[in-house]
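Chains as they are written, first to last, in this note's numbering: chain A, 1 to 112; chain B, 113 to 353. Even glycine gets a Cβ: it sits at the ideal position worked out from N, Cα and C.
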Amino acid sequence: MNQDLWVALFIIAAGTYLLRVIPLIWMQRKLIQHEKKGSVKPPPDWLTVLGPTMISAMFGASLVPAHPTFAAWIATALGMLATVAVWVRTRSMGLPTLSGVFVFGVIIVLFG
Amino acid sequence: MTTATSQDIFSPWKQGVKDALPLFGGYIPVAISFGLISVQSGFGVLETILISLFIYAGASQFLFVAMVASGAPMSLVVIMTLLINARHIVYAPNIAPYLGKDRRWLFLMHGLTDQLFALSLARLPQIAKADRIAWYTCTAMLAWFSWVAGTAIGAIAGDEITQRWPVINDVLPFALPALFLVLVAPRCNNRLWTLTLGASAVLALSLRLVGYPNLAIPVAALSGAVVFYALQTGKARGKTV
């Protein structure tokens, strides 16, 4: 890897870290200012909406199978159903995820 | 008494391990693919591992390797990868009210990936204030380790692994949509949020299908927020009329 690439790698790594940490510093300062004034101000409204929509968008984007065959789409749909069904019963994270992967995997192995 | 205290000390760590497990299924196969593609694109094993260690952002790492391999100008490589990662801006402010003032959080933000943000937003409010940093440290470190270890495995033996056990690549990545679904589901407890989150998921899926994988998440998230405000405004107007 030549020197230019190392510099690019450093800038991207530092930039990515700053994109993650600067908003925290900004928000922490805001929270401290409000605390000093004696008021508890929650994050701005648009942020509390954008957080869940980001997660939902990640969910939608991650639904596309690596090899989008008919069997893979059926496996995706049934895997999702299994995840929801177990989540409704357990309201936990691990078991529904595992069940979804299991159902998806069985269909892929059998018909994929 | 001693047992009770030890349990109190270790429980956030145990919970962190438990919560990080679904991430492994999603991270390791993708990291193996990244390691393999990076080496095939001309990067060395150590360089590939360092990319995962320091950038630690999946989509931008794939783009970085692909653009460098295609001979793109370095300035464009930097701009494009940082643009893809710009979505991270909204993550920390969302979880900041649960973090407190401890300075260690600043260092821990390196681990705030898409998945860890989703997990933190759901889990942090349920964890006692004093235990949050232990839970986050454990979950973030395990996720980071799995990403770097997966990259190393991919760079060293990815070709052999994907040929011998193709099921790893085909099945385990399903852990990510399953995990996201579990994180989104509790929010769908009224019509407003169900329609908002449904709209952003469907739009992201559609954008990904028509060939815009990098735009899918930010555009769908912003559109989801627009849907939220449109529905809220419509509801308020309906009440006044």
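Counting of Cβ neighbours within 10 angstroms places G270(B) among the buried residues, the total reaching 16 or more. Under the Cβ criterion of 8 Å, S312(B) is counted among the residues facing chain A. For V322(B), the closest alpha carbon among the candidates V64(A), Q28(A) and A85(A) is that of V64(A). Taking 7 Å as the Cβ-Cβ cut-off, the stretch 182–195 of chain B approaches chain A at M186, V189, V190, T193 and L194, given in chain order. For I32(A), the uninterrupted alpha helix (DSSP H) segment begins and ends at Q3 to K36. When the five nearest sequence neighbours on each side are left out, no beta carbon in the same chain lies closer than 6 Å to the beta carbon of V88(A). DSSP places V109(A) within a helical segment (H, G or I) once states are collapsed to three. Nearest CB-CB separation between I74(A) and chain B: not below the 8 Å threshold. Rounded to the nearest whole angstrom, the C-alpha separation of I161(B) and A143(B) is 10 Å. Rounded to whole angstroms, the separation of the alpha carbons of V157(B) and A178(B) is 16 Å. Spatial neighbours of L309(B) in its own chain (CB-CB distance under 8 Å, excluding positions within 5 residues in sequence) are listed in chain order as V296, R299, C300 and G336. Counting along the chain, N301(B) sits inside no alpha helix (DSSP H), nor does DSSP assign it H or E at all. By the criterion of at least three beta-carbon pairs nearer than 8 Å, the stretch 238–256 of chain B is in contact with the stretch 215–223 of chain B. According to the DSSP assignment, R276(B) belongs to the alpha helix (DSSP H) that extends over R244 to R276. For Y168(B), no alpha helix (DSSP H) segment is defined, and its DSSP state is neither H nor E.
In terms of Cα proximity to L47(A), the closest of T274(B), L188(B), M192(B) and L233(B) is L233(B).
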